[in-house]
Amino acid sequence: MTTQTQTGPDPKTALSSRGGGPRADRSFQVLTLAAGLLVLAVLALILITTTREAWPAFDEMGLRFITENRWDPPSEIYGGLAFIYGTAIVSLIALIFAVPVSLGIALFLTELAPRRLRAPAVTVIDLLAAVPSVVFGLWGVLVVAPKLVPIYNGIHDLLGGIPVIGRVFGEPVGSGRNFMTAGLILAIMITPIITSIAREVFDTVPRGDKDAALALGATRWEMITGAVFPHSFGGLVGAVILGLGRAMGETIAIALIIGSSTQITANVFASGNAMPAVIVSQIGESTGTFTAALIGLGVVLFVMTVIINTVAQAIVRRAEIRMRGAAS
Amino acid sequence: MTTTAEPVTRPPAGAPDLSRRALSLRRRLTNRIFLGLFVVAVFVAVVPLGLVVWSVLSRGGGVISWEFLTADIPNSFRRPGGGVGPAIIGTLLITGMAALMAIPLGVLGAIYLNEYGKQRPLARLIRMMADIMTGVPSIVMGLFIYSTWVLLFETRSGFAGALALACLMLPVIIRSTEEMLRLVPDELRQASLALGARKWRTTVTVVLPAAISGITSGILLAIARAAGETAPIVFVVGITASTNWSLFDGENTALPAQIFRNASQVFEPAQERAWGSALTLIVIVLVFTIIARIIANRFAIKER
Chain D
1 MTTQTQTGPD PKTALSSRGG GPRADRSFQV LTLAAGLLVL AVLALILITT
51 TREAWPAFDE MGLRFITENR WDPPSEIYGG LAFIYGTAIV SLIALIFAVP
101 VSLGIALFLT ELAPRRLRAP AVTVIDLLAA VPSVVFGLWG VLVVAPKLVP
151 IYNGIHDLLG GIPVIGRVFG EPVGSGRNFM TAGLILAIMI TPIITSIARE
201 VFDTVPRGDK DAALALGATR WEMITGAVFP HSFGGLVGAV ILGLGRAMGE
251 TIAIALIIGS STQITANVFA SGNAMPAVIV SQIGESTGTF TAALIGLGVV
301 LFVMTVIINT VAQAIVRRAE IRMRGAAS
Chain H
1 MTTTAEPVTR PPAGAPDLSR RALSLRRRLT NRIFLGLFVV AVFVAVVPLG
51 LVVWSVLSRG GGVISWEFLT ADIPNSFRRP GGGVGPAIIG TLLITGMAAL
101 MAIPLGVLGA IYLNEYGKQR PLARLIRMMA DIMTGVPSIV MGLFIYSTWV
151 LLFETRSGFA GALALACLML PVIIRSTEEM LRLVPDELRQ ASLALGARKW
201 RTTVTVVLPA AISGITSGIL LAIARAAGET APIVFVVGIT ASTNWSLFDG
251 ENTALPAQIF RNASQVFEPA QERAWGSALT LIVIVLVFTI IARIIANRFA
301 IKER
């Protein structure tokens, strides 16, 4: 019983005639794989090339590169502690302001907002994310900073005399370009990212848990603290850490607003500097070891953000998996 | 077995009061206050957005003119007049070049992740690394290009900036495109394969077109973000006062770099140019963002 007639086409070739032979398939797969591997290659190259260029500075300073508080390019001393401190304090201020606001917006969007209010609120957050950071920097340095000086003075007069708190709210710098202003502007810039991740996290809370809490007579707020928060805590931590990662890498706005002075002080109204800001404002006129030291700051920043993002992503993913398990 | 049950004995006080009034004042107040705070949080976000937009419109609006958009950049911060024409051209050229490099690579990478790699260890590693790459600060990307391209060829150029922007866009495009490919129903792939099409042909002619609107919108958002990036541009692209149409030959400039340079000046003409540039940049970014949203809304893949 042969099914093949002499005149008919060979069924094998007939079936494989569309789109070349197996080789076309194979080469397309290799092409896509190469594009995927490019991500790994770029990340590895970033670490290798920047470390190589920064090596003269690392070699000369050793661990003092990140532990010494003296940045003196003319005498070839590069201790970046003040910049690491500046980055940390500005990011901290930004988180203090951005986290409550972001969580509030996310809860408003997921638990409170009527359907017709949801879309405009999301649009506002999206637009906030779309404004380029340099525009926030421009607005911060020319509009916000001068306006805030009287407020800073008021706070200093009010709290400056109290022993410990007084040191945090010390004498404000006259231009208003200081840690506090930089942190506030940064807070606006990281609010969209924290909000969007927090929304995703809140959305994973099972409907049944919320309904159960409400059925037991909880108010809306009690439902949020009793059902939503325990479920989403892990994911929220991840969201905050991702916001921290974004805050640490922000360059231009900080460079314009932070005031560019190398010092470590508890006073949030004093001017300082941060790692990315130092790099962008000094690399233009640097040579030799100075350039190496600036690239070295970039390496430190790169390692810090990679660690922070890895941790945050792991936390968010783990929380998501656990939530999905609870929801089904 | 009585069918006529005795009447249910009701509690003497009637049904328990389940209305809101039965709550204690403290619980009711806490609830009100915190729900109110959520609304406040939204306004706290709206206010700075409004203020930024108002500042840029009011101070940049007066600066914008045909001359501002086309004229060369004055050599002195102090001199009024002139424009930022070279920076607009530079922004469009550099961002366009970056998009040309990042879009094909990003889409191909996403195809690998969703069509071939799926949950294999390598694909999961690439996915994780793409997420980490998204978080790499733009200044570090700039330093990367600086310590490879710029130091290697000993010249700053528009192409170096395009490389840095492409590196920033690549992971964003990969991840957003993958999300969109995942939404394409498997039946489409199976139907195409059953008709005898090769897998690559299925991917290119069936899967990609099905997801094209989402992919396009993700790409446009990535371009909008890249157009506003400043840090890498400032030190790998260099500076020029007159339009440089070449990305490879000679230094170039871009709108974000102009804003950055002028914002820190005390001279009024420089600050005016900064506001004007900011308005121009925001309009460019907004146009991309709005087009992206329209495409995403109009042609969204419906749940099937």
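Read top to bottom, the protein sequences are chains D and H.
Residue 1 is where the first sequence starts when you use UniProt numbering, and the numbers rise one by one after that.
Residue 1 is where the second sequence starts when you use UniProt numbering, and the numbers rise one by one after that.
Glycine included, each C-beta is placed from N, C-alpha and C at the ideal position.
Proximity below 8 Å, CB of residue i to CB of residue j
| i | j | result |
| --- | --- | --- |
| residue 226 of chain H | residue 168 of chain H | yes |
| residue 173 of chain D | residue 97 of chain D | no |
| residue 113 of chain H | residue 178 of chain H | yes |
| residue 249 of chain D | residue 185 of chain D | no |
| residue 279 of chain D | residue 246 of chain D | no |
| residue 239 of chain D | residue 201 of chain D | yes |
| residue 166 of chain H | residue 257 of chain H | no |
| residue 172 of chain H | residue 216 of chain H | no |
| residue 91 of chain D | residue 195 of chain D | no |
| residue 183 of chain D | residue 93 of chain D | yes |
| residue 263 of chain H | residue 77 of chain H | no |
| residue 94 of chain H | residue 254 of chain H | yes |
| residue 209 of chain D | residue 231 of chain D | yes |
| residue 181 of chain H | residue 111 of chain H | yes |
| residue 214 of chain H | residue 296 of chain H | yes |
Helix, strand or coil at residue i [DSSP, three-state]
| i | result |
| --- | --- |
| residue 126 of chain D | helix |
| residue 293 of chain H | helix |
| residue 77 of chain D | strand |
| residue 17 of chain H | coil |
| residue 66 of chain H | helix |
| residue 304 of chain H | Residue placement at residue 304 of chain H is poorly supported in this model, since its pLDDT is 40, which falls under 50; the coordinates still yield a value, given next. Residue 304 of chain H: coil per DSSP, three-state reduction. |
| residue 269 of chain H | helix |
| residue 186 of chain H | helix |
| residue 179 of chain H | helix |
| residue 280 of chain H | helix |
| residue 75 of chain H | coil |
| residue 162 of chain D | coil |
| residue 261 of chain D | coil |
| residue 118 of chain H | coil |
| residue 136 of chain H | coil |
| residue 171 of chain D | coil |
| residue 7 of chain D | Caution applies to residue 7 of chain D, whose pLDDT of 48 falls short of 50 and renders its modelled position unreliable; the value that the coordinates give is listed next. Note: residue 7 of chain D maps to coil in three-state DSSP. |
| residue 156 of chain H | coil |
| residue 252 of chain H | coil |
Bridge partners - residue i, DSSP secondary structure assignment
| i | result |
| --- | --- |
| residue 85 of chain D | DSSP lists no partner for residue 85 of chain D. |
| residue 54 of chain H | In DSSP, residue 54 of chain H forms no bridge with anything. |
| residue 59 of chain D | Residue 59 of chain D pairs with nothing; no bridge assigned. |
| residue 72 of chain D | D:77 |
Cα-Cα separation, residue i to residue j
| i | j | result |
| --- | --- | --- |
| residue 167 of chain D | residue 89 of chain D | 14 Å |
| residue 45 of chain H | residue 62 of chain D | 44 Å |
| residue 304 of chain H | residue 38 of chain D | Residue placement at residue 304 of chain H is poorly supported in this model, since its pLDDT is 40, which falls under 50; the coordinates still yield a value, given next. Cα-Cα distance, rounded: 34 Å. |
| residue 242 of chain H | residue 104 of chain D | 48 Å |
| residue 304 of chain D | residue 158 of chain H | 29 Å |
| residue 288 of chain H | residue 161 of chain H | 20 Å |
| residue 256 of chain D | residue 127 of chain D | 22 Å |
| residue 218 of chain H | residue 288 of chain D | 41 Å |
| residue 31 of chain D | residue 48 of chain H | 45 Å |
| residue 164 of chain D | residue 170 of chain D | 10 Å |
| residue 86 of chain H | residue 80 of chain H | 17 Å |
| residue 10 of chain D | residue 198 of chain H | Confidence in residue 10 of chain D is poor, its pLDDT being 49 and thus under 50, which makes the residue's placement unreliable; the coordinate value appears in the next sentence. Approximately 18 Å, taken between the alpha carbons. |
| residue 59 of chain D | residue 197 of chain D | 40 Å |
| residue 223 of chain H | residue 50 of chain D | 26 Å |
| residue 62 of chain H | residue 260 of chain H | 20 Å |
| residue 64 of chain H | residue 57 of chain H | 10 Å |
| residue 149 of chain D | residue 115 of chain D | 41 Å |
| residue 202 of chain H | residue 27 of chain D | 15 Å |
| residue 68 of chain D | residue 314 of chain D | 32 Å |
| residue 317 of chain D | residue 298 of chain D | 28 Å |
| residue 271 of chain D | residue 212 of chain H | 48 Å |
| residue 60 of chain H | residue 71 of chain H | 16 Å |
| residue 132 of chain H | residue 120 of chain H | 18 Å |
Anticipated Cβ contact below 8 Å, residue i with residue j, distance rounded
| i | j | result |
| --- | --- | --- |
| residue 84 of chain H | residue 273 of chain H | 6 Å |
| residue 300 of chain D | residue 275 of chain D | 7 Å |
| residue 306 of chain H | residue 302 of chain D | The question about residue 306 of chain H has no answer, for chain H in this structure spans 1 to 304. |
| residue 34 of chain H | residue 283 of chain D | Rounded, the Cβ-Cβ distance is 47 Å, inconsistent with contact. |
| residue 260 of chain D | residue 281 of chain D | 6 Å |
| residue 42 of chain H | residue 108 of chain D | 5 Å |
| residue 134 of chain D | residue 52 of chain H | Contact flag wrong, Cβ pair sits at about 12 Å. |
| residue 106 of chain H | residue 174 of chain H | 5 Å |
| residue 54 of chain D | residue 295 of chain D | 4 Å |
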